[in-house]
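Asker: Residue numbers for the sequence shown follow my numbering, so the first one is 135 and each next one is one higher.
The beta-carbon is built from N, C-alpha and C at its ideal position, and this holds for glycine as well.
This structure is a prediction, so every number in the text was calculated from the model and none was measured.
First the structure, then my questions, so here it is.
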Amino acid sequence: MKLVNGTEVFSGIEEILDARHTALLIVDVQNDCCLPEGWFARHGKDVSRMPDIFPKIASVLDAARRAGMLRVFMEQTTLPDGLSDSPAWLYFKTRDGRTETDYTLDGSWGQQTIDLLAPQPGEVVVKKHRPSAFFGTNLDIVLSSRGIKSVLVCGTITQGCVLATVLDASFHGFYTVLLSDGVQSYSQELHEVALTFLASRYDLTTSAEVTALWNVAARPAGGTRDAG
Numbered sequence: 135m136k137l138v139n140g141t142e143v144f145s146g147i148e149e150i151l152d153a154r155h156t157a158l159l160i161v162d163v164q165n166d167c168c169l170p171e172g173w174f175a176r177h178g179k180d181v182s183r184m185p186d187i188f189p190k191i192a193s194v195l196d197a198a199r200r201a202g203m204l205r206v207f208m209e210q211t212t213l214p215d216g217l218s219d220s221p222a223w224l225y226f227k228t229r230d231g232r233t234e235t236d237y238t239l240d241g242s243w244g245q246q247t248i249d250l251l252a253p254q255p256g257e258v259v260v261k262k263h264r265p266s267a268f269f270g271t272n273l274d275i276v277l278s279s280r281g282i283k284s285v286l287v288c289g290t291i292t293q294g295c296v297l298a299t300v301l302d303a304s305f306h307g308f309y310t311v312l313l314s315d316g317v318q319s320y321s322q323e324l325h326e327v328a329l330t331f332l333a334s335r336y337d338l339t340t341s342a343e344v345t346a347l348w349n350v351a352a353r354p355a356g357g358t359r360d361a362g
């Protein structure tokens with residue numbers, strides 16, 4: 135802890151990502167977004183690098199579960215009958231020449247988080263309709279109500295929903311850290327550009343560092359932590 139203008143501020147990753155006040159945010163690791171059978175792969179996106187992040191996120195998720203931390207799964211969601219698609223959003227979704235906009239349809243297989251990382255009973259799932267997990271959702275209330283001070287962000291897409299969520303988490307007053315080996319994109323070039331930008335403004339960490347930190351938190355003296 136350090137003092138800045140008379141205010142106590144966390145100092146270093148260990149304090150920032152203390153399991154007692156940190157939430158894990160898993161962004162859009164969904165069937166449509168990440169798997170060869172999903173919507174984006176069927177419409178020409180390269181998902182070949184997506185499996186690289188699955189075990190990294192899984193190890194961090196397992197550590198968070200054993201430490202009794204808050205885990206929140208973001209799922210990009212398109213409502214039926216265009217209810218979530220304004221004209222400007224439809225323009226955004228079709229700017230590259232696409233004509234179909236029906237990815238991650240609410241209630242579909244494509245909307246669901248991949249099986250390896252599937253939410254367990256009691257874990258929080260936030261349906262979002264825009265890149266930021268905070269825009270138009272209850273995420274801020276969920277985090278604040280649990281006394282969360284810090285968030286660790288991972289998932290897809292690095293230059294899209296991950297970037298938007300990292301920025302918004304910071305703007306909402308949370309210490310914000312990116313899991314650098316737990317994010318990926320359809321474009322390696324854009325992935326690397328986004329990582330470079332994020333590293334210039336936010337803390338980055340790795341799955342090995344986080345699991346080591348949270349595995350210690352999962353073994354308190356005299357008992358176990360709440361499953362959260």
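#1: Under the assumption that D162 contacts M208 (Cβ atoms under 8 angstroms), give the Cβ distance between them as a whole number of angstroms.
#2: Does the stretch 142-162 come into contact with the stretch 276-287, if we say contact requires no fewer than three beta-carbon pairs (one atom in each stretch) closer than 8 angstroms?
#3: Where does G270 land, buried or exposed, given buried means 16+ other C-beta within 10 angstroms?
#4: Is A298 close to the ligand SAM? I mean its beta-carbon at under 7 angstroms from any heavy atom of the ligand.
#5: What are the start and end residues of the beta strand (DSSP E) that includes T141?
#6: In the DSSP assignment, what are the bridge partners of M208?
#7: Could you check what DSSP says for S278 in three-state terms: helix, strand or coil?
#8: Pick helix, strand or coil for D337, following the three-state DSSP scheme.
#9: Name the residue from L224, S220, D219, Q210 whose alpha carbon lies nearest to the alpha carbon of T247.
#10: By a C-beta neighbour count over all protein chains shown, 10 Å radius and 16 as the cutoff for buried, is L217 buried or exposed?
#11: Taking DSSP as the reference, what is the three-state secondary structure of L250?
#12: Looking only at C-alpha atoms, which of T233, Q245, F308 sits nearest to L273?
#13: Give me the Cα-Cα distance between P185 and L297, rounded to the nearest whole angstrom.
#14: Given this structure, state the Cα-to-Cα distance separating T228 from V327, to the nearest angstrom.
#15: Identify the residues that DSSP records as bridge partners of C288: which are they?
#16: What number of angstroms, rounded off, separates the C-alpha of Q245 from the C-alpha of F226?
#17: Where do the ends of the beta strand (DSSP E) carrying T310 lie?
#18: From the DSSP output, in three-state form, read off L273 for me.
#19: Suppose you measure from the CA of P214 to the CA of N165; what does that come to, to the nearest Å?
#20: Indicate whether at least one CB of chain B lies closer than 8 angstroms to the CB of L213.
#21: DSSP three-state call for L324: helix, strand or coil?
#22: What residue range is occupied by the uninterrupted beta strand (DSSP E) comprising L137?
Answerer: In this structure, then:
#1: By one-based count along the sequence shown, residue 162 stands at place 28. By one-based count along the sequence shown, residue 208 stands at place 74. D162 to M208, Cβ: 6 angstroms. Contact.
#2: yes
#3: Working through the sequence shown from its first residue, we reach residue 270 at position 136. It counts as exposed.
#4: The ligand SAM is not among the ligands present in this structure, which contains no ligands whatsoever.
#5: Locating residue 141 in the sequence shown gives position 7, counting from the first residue. Taken as a continuous stretch (DSSP letters only), the beta strand (DSSP E) holding T141 covers 141-143.
#6: Position 74 of the sequence shown, counting from 1, holds the residue named residue 208. Answer by DSSP bridge pairing, in chain order: V161, V260.
#7: Counted from its first residue, the sequence shown places residue 278 at position 144. Helix, per DSSP.
#8: Here residue 337 refers to the residue found at position 203 of the sequence shown. In the structure shown, D337 sits in a strand (DSSP, three-state: E or B).
#9: In the sequence shown, the residue the question calls residue 247 occupies position 113. Ranking L224, S220, D219, Q210 by Cα distance to T247 puts Q210 first.
#10: Residue mapping note: residue 217 aligns to position 83 of the sequence shown, counting from 1. So L217 counts as exposed.
#11: Here residue 250 is taken as the residue at index 116 of the sequence shown, counted from 1. Three-state DSSP puts L250 in a helix.
#12: Along the sequence shown, one-based indexing puts residue 273 at 139. With distances taken between Cα atoms, L273 lies closest to F308.
#13: In the sequence shown, residue 185 corresponds to position 51, counting from 1. In the sequence shown, residue 297 corresponds to position 163, counting from 1. Their backbone Cα atoms lie some 20 angstroms apart in a straight line.
#14: Position 94 of the sequence shown holds residue 228. Position 193 of the sequence shown holds residue 327. Taking the straight line from one Cα to the other gives about 23 angstroms.
#15: Reading the sequence shown from its first residue, position 154 is the one you call residue 288. BP columns for C288 point to I160.
#16: Residue numbering aside, residue 245 sits at position 111 when the sequence shown is read from its first letter. Residue numbering aside, residue 226 sits at position 92 when the sequence shown is read from its first letter. About 19 angstroms.
#17: Locating residue 310 in the sequence shown gives position 176, where the first residue counts as 1. T310 -> beta strand (DSSP E) spans 309-318.
#18: Residue mapping note: residue 273 aligns to position 139 of the sequence shown, counting from 1. Shown here, L273 sits in a helix according to DSSP, grouped into three states.
#19: Looking up residue 214 in the sequence shown gives position 80. Looking up residue 165 in the sequence shown gives position 31. About 18 angstroms.
#20: Here chain B cannot be found, since the structure has a single protein chain.
#21: Counted from its first residue, the sequence shown places residue 324 at position 190. Looking at L324 - three-state DSSP - the assignment turns out to be helix.
#22: As a first step, residue 137 is located in the sequence shown; it is residue number 3 there, counting from the start. Here the beta strand (DSSP E) through L137 covers 136-138.
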